[in-house]
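Each remark here refers to the structure printed beneath this line.
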Amino acid sequence: MTSIQDYSSSTQGDNQNFGASPETVRETDHYQAEYIEEFADRWDRLIDWDARAQAEGDFFIRILREHGARSVLDVATGTGFHSVRLLREGFDVVSADGNPNMLARAFRNARNRDLLLRTAQADWRFLNRDIHGLFDAVICLGNSFTHLFKERDRRKSLAEYYAVLKHNGVLIMDHRNYDRLLEGGGAVRNGKGNVYCGEDVEVAPEHVDEGLARFRYAFSDSSTYHLNMFPLRYGYVRRLMSEVGFQKITSFGDYQRDFENPDFYIHVAEKEYRFDVDTTMH
Ligand SMILES: C[S@@+](CC[C@H](N)C(=O)[O-])C[C@H]1O[C@@H](n2cnc3c(N)ncnc32)[C@H](O)[C@@H]1O
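To convert, note that position 216 of the sequence shown is 230 in the numbering used here; the numbers rise steadily by one, no gaps.
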């Protein structure tokens, strides 16, 4: 089923170079043109680090510890929220991202908290070209995987995450509940959820169809930015993960094991070879 919704077209006054027909921009590489320096500078107002830390509690830390993880590769570091949290909790963290503006901001954010980030600029599709060594865990959080527009890019990136994990490593990845958005149900709670918690910004979907979710981020200083994303369906993501080799996938909704119609899904995918599992999805 293809559902097309047009949420009233709004201001285009941003500097992100989407061109005259922004809904036609459906390319994996375009994230580089989206995370421009001024958007990177505002990203933390969208997140609100304190509110986000409170909303997620120790969810990720608990899962990492339950899996015995010590070394963590944050592949979507962004401005560093999870890298900083995990460093403070004593994990051994490498912070990667394809976008230099976001990485520079992450490094500065960590420095301001007396921490040094070990950063690496790396695109997920070629992760193992730039990242050496193996990790207990890979995290890809904050609705990041959604930036991949081609199926082969999603498969390749998952394969790269798989390859950089130790034999019993774990991948933790989240995404918005796009199923709900595609089906026309309550789009986003004005973006005030448990991931993007900032009060200073209005988040709204501007265009949604099976191949694109275009979101507008309007800040109180009148600046407006957009992200074009691929709307990942819950079942599709789980299937892809299992097809690249993850044998056990446990999913959560809004940090809960029992969930119904959450804002965000979180998948915990285990690499370990299991002789005892006849079903891959839990
Ligand atoms: C939505 S932000 C999330 C950042 C952070 N994890 C958070 O939760 O705040 C997505 C991040 O993924 C990065 N990204 C998108 N596509 C990428 C790719 N193909 N390779 C590497 N990084 C990518 C972007 O540069 C951006 O920093």
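Don't be surprised by glycine CBs; every beta carbon is placed ideally from N, CA and C.
Exercise for review: Since I believe V282 is in contact with I153 (beta carbons under 8 angstroms), could you give me their beta-carbon distance rounded to a whole number of angstroms?
Suggested key: Along the sequence shown, one-based indexing puts residue 153 at 139. Along the sequence shown, one-based indexing puts residue 282 at 268. That pair is no contact at about 10 angstroms.
**Study point:** Given N29 as reference, the closest of Q46, E80, F149 and L141 once Cα atoms are compared
**Key:** Stepping through the sequence shown from its first residue, residue 29 is reached at position 15. When each option's Cα is compared against that of N29, the closest is Q46.
Point to revise | Runs of beta strand (DSSP E) lying entirely within the region 215-293, each at least 3 residues, in chain order | key: 215-223, 226-233, 238-243, 262-267 and 278-284
Review point. Which one of Y239, R139, H189 and Y231 has the shortest CA to CA distance from R252?
Key: Counted from its first residue, the sequence shown places residue 252 at position 238. Comparing Cα-Cα distances from R252 to each of Y239, R139, H189 and Y231, the minimum goes to H189.
Check your understanding: What did DSSP end up calling H181 once you bin it into helix, strand or coil?
Key -> For this step, residue 181 is matched to residue 167 along the sequence shown. H181 falls in the strand class under three-state DSSP.
Practice item. Mind reading off the beta-carbon distance from T303 to D62? Whole number of angstroms is fine, and I expect it under 8 angstroms. Key: A question about residue 303 goes unanswered here, because the residues of the chain that appear run from 15 up to 296.
**Study point:** Same chain, Cβ closer than 6 angstroms to Q26, five either side skipped, listed in chain order
**Key:** As a first step, residue 26 is located in the sequence shown; it is residue number 12 there, counting from the start. Low per-residue confidence applies at Q26: pLDDT is 42, beneath 50, and the placement is therefore not dependable, though the value from the model is reported in the following sentence. Taken in chain order, the list of residues that qualify is empty.
Check your understanding: At which residue ranges does the region 36-70 contain complete alpha helix (DSSP H) runs of 4 or more residues, listed in the order of the chain?
Key -> 45-48, 51-61 and 63-70
Check your understanding: So L129 packs on F244, CB below 8 angstroms; how close in whole Å?
Key -> Taking the sequence shown and counting its residues from 1, one reaches residue 129 at position 115. Taking the sequence shown and counting its residues from 1, one reaches residue 244 at position 230. Between F244 and L129 the Cβ distance is about 33 angstroms, and since that is not below 8 angstroms, they are no contact.
Exercise for review: Within its chain, find whatever has a CB closer than 6 angstroms to the CB of A232; leave out the 5 residues flanking it on each side and keep chain order.
Suggested key: In the sequence shown, residue 232 corresponds to position 218, counting from 1. If we look at A232 and ignore the five residues flanking it on each side, its Cβ neighbours are E216 and T238.
Review point. If we call anything under 8 angstroms between Cβ atoms a contact, is V306 one with L246?
Key: Shown here, the chain extends from 15 to 296; a query on residue 306 therefore has no answer.
Review point. Expressed to the nearest angstrom, what Euclidean distance is found between the alpha-carbon atoms of I280 and D43?
Key: Your numbering for residue 280 matches position 266 in the sequence shown. Your numbering for residue 43 matches position 29 in the sequence shown. Those two C-alpha atoms are separated by around 24 angstroms.
Review point. Using a threshold of 7 angstroms, is the CB atom of L254 nearer than that to any non-hydrogen atom of ligand 1?
Key: Translated into positions along the sequence shown, residue 254 becomes position 240. False, no ligand heavy atom lies under 7 angstroms from that Cβ.
**Study point:** DSSP bridge partner residues for H189 (one or two, in chain order)
**Key:** The count along the sequence shown starts at 1 and reaches residue 189 at position 175. In DSSP, H189 forms a bridge with Y279.
Point to revise | Cβ contact check for the region 140-147 and the region 221-236: 3 or more pairs under 8 angstroms | key: no
Review point. Which stretch, first to last residue, makes up the beta strand (DSSP E) that contains F329?
Key: Residue 329 cannot be examined here, being either before or after the span of the chain that is shown, 15 to 296.
Exercise for review: Tell me where the beta strand (DSSP E) around S109 begins and ends.
Suggested key: The residue given as residue 109 occupies position 95 in the sequence shown. First-last of the beta strand (DSSP E) with S109: D106 to D111.
Point to revise | Per DSSP, cross-strand counterpart(s) of V89 | key: By 1-based counting over the sequence shown, the position of residue 89 is 75. Beta-bridge pairing links V89 to no other residue.
**Study point:** Alpha-carbon to alpha-carbon, K164 and G41
**Key:** Along the sequence shown, one-based indexing puts residue 41 at 27. Along the sequence shown, one-based indexing puts residue 164 at 150. One point to set straight first is that residue 41 is Glu, not Gly, in the sequence displayed. Cα to Cα, E41 sits roughly 8 angstroms from K164.
Point to revise | Length of the line joining the Cα atoms of E37 and N191 | key: On the sequence shown, residue 37 is found 23 positions in, with the first residue counted as 1. On the sequence shown, residue 191 is found 177 positions in, with the first residue counted as 1. Near 20 angstroms, if we compare the C-alpha coordinates of N191 and E37.
Practice item. Take the Cβ of N123 as the centre, count every other Cβ of all protein chains shown within 10 Å, and call the residue buried at 16 or more, exposed below. Key: In the sequence shown, the residue the question calls residue 123 occupies position 109. Answer is buried; the Cβ neighbour count reaches 16.
Review point. To the nearest whole angstrom, what separates the beta carbons of S109 and R139, a pair I think is in contact under 8 angstroms?
Key: Start at 1 with the first residue of the sequence shown, and residue 109 comes out as number 95. Start at 1 with the first residue of the sequence shown, and residue 139 comes out as number 125. Wrong, their Cβ atoms sit about 18 angstroms apart, outside the cutoff.
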